[in-house]
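S.K.: So that we are looking at the same thing, I have put the structure below in structure tokens.
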Amino acid sequence: MMVTAAGLFILQVFLHAAFPEDATTLQQPARLLSGSSLKSALETRRSISVEGAPLKQVVFDIQQDTGIPVILDRRVDPSQKVSLTTGYVTVGECLQMLAESSAPEVNSLAMTDHGVVVGPINAVGRLRTLQEILRREIVSHRSAIPSSVYRSMSQPRQRSGSRASSPGFLFEEAAQECGLEVTNPETIPHDLWDAIQLPAMTFSEYAAWILNQYDLTFQINENSQLTISAVPATLEISEKHRIPSSHRAEILDRWQTEFPGLKMTVSGSTATVSATVEMHERLRTLIDGPAPNRVAAAGMQKRLFTMTVPRGTSFGQLVQSFRSSGIPIRIEGRTDDELIPLLLETVEFSFEKTPGDRFFPEVFRGWKARVAVREDEVVITFPATSE
46 MMVTAAGLFI
56 LQVFLHAAFP
66 EDATTLQQPA
76 RLLSGSSLKS
86 ALETRRSISV
96 EGAPLKQVVF
106 DIQQDTGIPV
116 ILDRRVDPSQ
126 KVSLTTGYVT
136 VGECLQMLAE
146 SSAPEVNSLA
156 MTDHGVVVGP
166 INAVGRLRTL
176 QEILRREIVS
186 HRSAIPSSVY
196 RSMSQPRQRS
206 GSRASSPGFL
216 FEEAAQECGL
226 EVTNPETIPH
236 DLWDAIQLPA
246 MTFSEYAAWI
256 LNQYDLTFQI
266 NENSQLTISA
276 VPATLEISEK
286 HRIPSSHRAE
296 ILDRWQTEFP
306 GLKMTVSGST
316 ATVSATVEMH
326 ERLRTLIDGP
336 APNRVAAAGM
346 QKRLFTMTVP
356 RGTSFGQLVQ
366 SFRSSGIPIR
376 IEGRTDDELI
386 PLLLETVEFS
396 FEKTPGDRFF
406 PEVFRGWKAR
416 VAVREDEVVI
426 TFPATSE
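My numbering runs 45 ahead of the 1-based position in the sequence shown.
So, in structure tokens, the structure goes:
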């Protein structure tokens, strides 16, 4: 079986330390991805190398290149300088490392159906659950509110905000578009946001994105009135999971092992669980047990590689990217000190659908070493004496 790596390439992003203040507002991607297209884009592989660049500019460049909406929480400083070199990993992993590099042990990200949000761990960790809670809040009033209001809240809309937008104004404007009256708009603290373009979202998704940044949520009533309130300390939703009776004990053991203290009641083949959206997704996965063994990938020799490396990329960065992507590179015949000047040399190339047994010898041809491409590793052997 041949596994194609076509479409995978290394993206080197060498950015200057300073940019015009409004650089990221000049141009937006022609199309912001969502749904299955967004998921596919997050699973593509590439490498990012950034040195002392403003986080805002790095995020903008990624969004421009991929079409993936990347949104910074208001508590993340967009002007902070970040330095990061990733391996040859998925874009989702690149963004996770970028979030963590901006403030280790503080920031993380949430991958929603409409983009990626970077922010404080606690805030982004509850975002998807808050979105679902607000969606259910609206659904629960479906029969009481006018049908036109319900349809408007359920219809995805693409929204944007200009420089110095007020989040309170943006929220109230969106609510009024849906036919809702906000009873206490002053609850949202006064703030000024940078310009932003968002993918199409329903009202509950958009509202959750704004309110979550201020630890707020909302409730509505049968008069189409919306009242803003504080987010509870614990956010969970209740869902029922069907578990085969014949494997109930085994499945419950898997659940408790991964989530000690899980809140649930079990009746027959139904388990009612209170948890976050992400936990519910994981519980459904654990019902099926460990993932089945996949068909082994093709050996390194016949695997196809499509890769573009821009001018200025060092061999050291290239080797690091290969290794981080699960491609073992073993170098023999040179000490670490002797390798330093070779790893600092730069390389530039572009290959398309090239088998590994041709790809790697061409990539390392300038080293004048023997390149052996084996089934599970690449071995670069230098002669005993320099040529």
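Where a beta carbon is used, it is the ideal one built from N, C-alpha and C, also for glycine.
Small disclaimer: the values here were computed from a predicted structure and weren't measured.
Determine the DSSP secondary structure at Ile-332, reduced to helix, strand or coil.
M.R.: Reduced to three states, the DSSP call for Ile-332 is helix.
S.K.: I need the straight-line Cα distance from Leu-215 to Leu-243, nearest angstrom please.
M.R.: Using only the alpha carbons, I get a separation of about 12 Å.
S.K.: Within the stretch 97-164, note down every full beta strand (DSSP E) run reaching 3 residues or more, in order along the chain.
M.R.: Counting only runs of 3 or more, we get 115-117, 126-130, 152-157.
S.K.: Ordered along the chain, which non-local residues of its own chain (more than five positions away) have a Cβ less than 6 Å from that of Ala-320?
M.R.: Around Ala-320: Glu-281.
S.K.: Starting from Val-276 and walking both ways along the beta strand (DSSP E), at which residues does that stretch end?
M.R.: Careful: Val-276 lies outside any beta strand (DSSP E) and carries neither H nor E.
S.K.: Check for me: the alpha helix (DSSP H) holding Ala-253 runs from which residue to which?
M.R.: Ala-253 -> alpha helix (DSSP H) spans 248-257.
S.K.: Assign Ala-342 to one of two classes, buried (16 or more other C-beta atoms within 10 Å of its C-beta) or exposed (fewer than that).
M.R.: Residue placement at Ala-342 cannot be trusted, given a pLDDT of 39 that sits under 50; what the coordinates show is reported in the next sentence. Ala-342 is exposed by the Cβ-count criterion.
S.K.: Tell me whether the beta-carbon of Ser-188 lies closer than 9 Å to the beta-carbon of Thr-232.
M.R.: Taking 9 Å as the Cβ cut-off, Ser-188 and Thr-232 do not qualify as a contacting pair.
S.K.: Which of helix, strand or coil does DSSP assign to Arg-419?
M.R.: It is coil, neither helix nor strand.
S.K.: Candidates Lys-398, Gln-221, Arg-410, Val-418: which alpha carbon is nearest Arg-375's?
M.R.: With distances taken between Cα atoms, Arg-375 lies closest to Val-418.
S.K.: Could you check whether Gln-346 and Trp-254 sit closer than 9 Å to each other, using their CB atoms as the reference points?
M.R.: Result no, Cβ atoms of Trp-254 and Gln-346 do not sit closer than 9 Å.
S.K.: If you check the beta carbons only, do Gly-378 and Phe-427 fall under 9 Å apart?
M.R.: Closer than 9 Å, so yes.
S.K.: So, helix, strand or coil for His-292, using DSSP?
M.R.: Reduced to three states, the DSSP call for His-292 is helix.
S.K.: If you measure between the beta carbons of Ser-147 and Val-121, is that distance less than 9 Å?
M.R.: In this structure, Val-121 lies closer than 9 Å to Ser-147 by Cβ.
S.K.: Please state whether DSSP places Leu-307 in a helix, a strand or coil.
M.R.: If DSSP states are grouped into helix, strand and coil, Leu-307 belongs with coil.
S.K.: Can you tell me where the alpha helix (DSSP H) with Ala-219 in it begins and where it stops?
M.R.: Start and end: 212-222.
S.K.: Extract the residue ranges of the alpha helix (DSSP H) inside the stretch 358-407, only unbroken runs of 4 or more that lie entirely within it.
M.R.: Those alpha helix (DSSP H) runs which fall completely within the stretch 358-407 and span 4+ residues are 360-369, 381-389.
S.K.: Please tell me whether Ala-245 and Arg-202 are closer than 9 Å, where the distance is taken between their beta carbons.
M.R.: Yes, these two residues count as a Cβ contact at 9 Å.
S.K.: In the structure shown, what three-state DSSP assignment does His-186 receive?
M.R.: Coil.
S.K.: Measure from the alpha carbon of Val-163 to the alpha carbon of each residue in Ala-219, Val-103, Gly-306, Glu-222, then state which is nearest.
M.R.: Of Ala-219, Val-103, Gly-306, Glu-222, the residue nearest in Cα terms is Val-103.
S.K.: Starting from the C-beta of Lys-308, find all residues in its chain whose C-beta is less than 6 Å away, skip the five residues before and the five after it, and write them out in chain order.
M.R.: For Lys-308, where only same-chain residues beyond five positions count, the Cβ hits under 6 Å are Ser-319.
S.K.: Given a threshold of 16 other Cβ atoms within 10 Å of its Cβ, counted over all protein chains shown, does Glu-250 qualify as buried or as exposed?
M.R.: So Glu-250 counts as buried.
S.K.: Please determine if the stretch 128-136 and the stretch 259-266 are in contact, where contact requires at least 3 C-beta pairs separated by less than 8 Å.
M.R.: No: the two stretches stay apart, fewer than three of their Cβ pairs being nearer than 8 Å.
S.K.: Roughly how many whole angstroms lie between the Cα atoms of Thr-399 and Ile-166?
M.R.: Cα to Cα, the separation comes out at about 41 Å.
S.K.: Should Val-311 go down as buried or exposed, given a rule of 16 or more other Cβ atoms within 10 Å for buried?
M.R.: So Val-311 counts as exposed.
S.K.: Can you check whether the CB of Thr-111 is closer than 9 Å to the CB of Thr-135?
M.R.: Contact: no.
S.K.: On the DSSP bridge list, what partners appear for Glu-284?
M.R.: Its beta-bridge partners are Val-318.
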